[in-house]
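Undergrad:
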Amino acid sequence: MTTIRELLKEGSKRLALNGVEEADVDARLLLLHVLNINSAVFYMIMNNEAEETVIYRYYELIDKRCTHYPLQYITGSTEFMGLSFKVDENVLIPRFDTEILVEEVLKLDLDKKKILDMCTGSGCIAISLKKLLKGNADVTGVDISEGALKIAEYNAKMNDTEVSFIKSDLFENINERYDVIVSNPPYIRTSVINELMEEVKSHEPFMALDGKEDGLFFYGSIIKSAPFFMNEDAVMAFEIGYDQADSVKDIMKEDFYDIKVIRDFAGLDRVVMGRIKSIR
770 MTTIRELLKE GSKRLALNGV EEADVDARLL LLHVLNINSA VFYMIMNNEA EETVIYRYYE
830 LIDKRCTHYP LQYITGSTEF MGLSFKVDEN VLIPRFDTEI LVEEVLKLDL DKKKILDMCT
890 GSGCIAISLK KLLKGNADVT GVDISEGALK IAEYNAKMND TEVSFIKSDL FENINERYDV
950 IVSNPPYIRT SVINELMEEV KSHEPFMALD GKEDGLFFYG SIIKSAPFFM NEDAVMAFEI
1010 GYDQADSVKD IMKEDFYDIK VIRDFAGLDR VVMGRIKSIR
């Protein structure tokens, strides 16, 4: 007889032997996923005998995680800003750090304003803003990837939010002006991508990671075009890499003022925001 507790212990052991970080946490989350229960129920049944179908399915998922295939892609979902989002290999997995960007935008006066989320991916930023603003803003998400947009549209329906999505190479298919443009663009230098964790470099979409040679390509492209798509006194807000604040500020200073940098909970530069000087 194998108990659920013993099954968890073995799963954690296998993950640890294969170099998976936070093996205990991942083993537990995968078991909760297989059992389709929450933590409270888990502690009530952990000494029960595990069914053979559960054992088989659990070890199947453990073996997959041992290859460093991302946990969130295995379970098919993740949490962001307290909301649930579907994810697969078409989109980056939403990170906790990106919540800083959403929280800073939420501090603005956004009642009846128009918001554009450039490089929307899973739609987590656009959908979170719409949901937390309780419908008092017009939110649009843009991405070049059809696969990403399908996931974003699914997530909008799942979270009962009305967000518009447009397939566009940056501003190519955009015809309106906005009060806020928010973006978490690709910002990893191409040469650095192969140094990332196996989970990221081998499974998350390269296109959503690659910020070209210096990691600043998309910041420059977005900032250059933005004045043609912003209303008076509109705000631009970016997530950035920890060492990119000064560079992004330099790119912004010609067309934006009141530029500020916000740090994350680790004390690292995470968000750059500024207001448009004049529209075009």
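Under this note's numbering, the first residue of the sequence shown is numbered 770, with each subsequent residue one higher.
Positions of the beta carbon are idealized from the N, C-alpha and C atoms, including for glycine.
Taking only runs that begin and end inside the region 873–949, name each unbroken beta strand (DSSP E) of 3 or more residues, in chain order.
TA: The region 873–949 contains these whole beta strand (DSSP E) runs: 882–887, 906–912 and 933–936.
Undergrad: P863 and T844 - do their beta-carbons sit closer together than 8 angstroms?
TA: By 1-based counting over the sequence shown, the position of residue 844 is 75. By 1-based counting over the sequence shown, the position of residue 863 is 94. No, the Cβ-Cβ distance between T844 and P863 is not below 8 angstroms.
Undergrad: Could you tell me if A995 is buried or exposed, where buried requires 16 or more neighbouring beta carbons within 10 angstroms of its beta carbon?
TA: As a working note, residue 995 is residue 226 in the sequence shown. With 16 or more other Cβ atoms within 10 Å, it is buried.
Undergrad: Could you check what DSSP says for E1001 in three-state terms: helix, strand or coil?
TA: Numbered from its first residue, the sequence shown carries residue 1001 at position 232. In this structure, E1001 counts as strand in the three-state DSSP scheme.
Undergrad: Please identify the residue among E858, H837 and T909 whose C-alpha is closest to the C-alpha of N883.
TA: Numbered from its first residue, the sequence shown carries residue 883 at position 114. Reading off the sequence shown, one finds Lys at residue 883, where the question assumed Asn. The shortest C-alpha separation from K883 is found at T909.
Undergrad: Should L877 and V949 be called a contact, given that it needs their Cβ atoms to be closer than 8 angstroms?
TA: Position 108 of the sequence shown, counted from the start, is the residue given in the question as residue 877. Position 180 of the sequence shown, counted from the start, is the residue given in the question as residue 949. Yes; because the gap between Cβ atoms is below 8 angstroms, this pair is in contact.
Undergrad: Buried or exposed: which applies to D1024, given that a residue is buried once 16 or more other Cβ atoms fall within 10 Å of its Cβ?
TA: As a position in the sequence shown, residue 1024 is number 255, starting the count at 1. It is buried - the Cβ of D1024 has at least 16 other Cβ atoms within 10 Å.
Undergrad: Have a look at A796 and E829 and give me their C-alpha separation to the nearest angstrom.
TA: Working through the sequence shown from its first residue, we reach residue 796 at position 27. Working through the sequence shown from its first residue, we reach residue 829 at position 60. In a straight line, the C-alpha of A796 is about 12 angstroms away from that of E829.
Undergrad: Determine the DSSP secondary structure at R958, reduced to helix, strand or coil.
TA: As a first step, residue 958 is located in the sequence shown; it is residue number 189 there, counting from the start. R958 falls in the coil class under three-state DSSP.
Undergrad: I need the straight-line Cα distance from L879 to A906, nearest angstrom please.
TA: Residue mapping note: residue 879 aligns to position 110 of the sequence shown, counting from 1. Residue mapping note: residue 906 aligns to position 137 of the sequence shown, counting from 1. The alpha-carbon atoms of L879 and A906 are separated by roughly 6 angstroms.
Undergrad: Does DSSP put R1049 in a helix, a strand or coil?
TA: As a working note, residue 1049 is residue 280 in the sequence shown. Three-state DSSP puts R1049 in coil, outside helix and strand.
Undergrad: Pull up the distance between the alpha-carbon of L852 and that of S897, whole angstroms please.
TA: Against the sequence shown, residue 852 aligns to sequence position 83. Against the sequence shown, residue 897 aligns to sequence position 128. Cα to Cα, the separation comes out at about 7 angstroms.
Undergrad: Can you tell me where the alpha helix (DSSP H) holding E829 begins and where it ends?
TA: Position 60 of the sequence shown, counted from the first residue, corresponds to residue 829. Segment E821 to C835, the alpha helix (DSSP H) holding E829.
Undergrad: Name the DSSP beta bridge partners of F1025, please?
TA: For the purposes of this step, residue 1025 is taken as residue 256 along the sequence shown, with counting starting at 1. DSSP lists I1045 as partners of F1025.
Undergrad: What are the residues that DSSP puts in a beta bridge with L852?
TA: On the sequence shown, residue 852 is found 83 positions in, with the first residue counted as 1. Answer is F849.
Undergrad: Using the Cα positions of R1078 and E973, report the straight-line distance between them to the nearest angstrom.
TA: Given a span of 770 to 1049 for the chain in the structure shown, any question on residue 1078 remains unanswerable.
Undergrad: Buried or exposed: where does F1034 fall if 16 or more other Cβ atoms within 10 Å of its Cβ makes it buried?
TA: Numbered from its first residue, the sequence shown carries residue 1034 at position 265. Exposed: under 16 other Cβ atoms inside 10 Å.
Undergrad: In whole angstroms, give me the CA-to-CA distance for K1018 and A785.
TA: Counting from one through the sequence shown, the residue named residue 1018 turns up at place 249. Counting from one through the sequence shown, the residue named residue 785 turns up at place 16. Rounded to whole angstroms, K1018 to A785 spans 42 angstroms at the Cα level.
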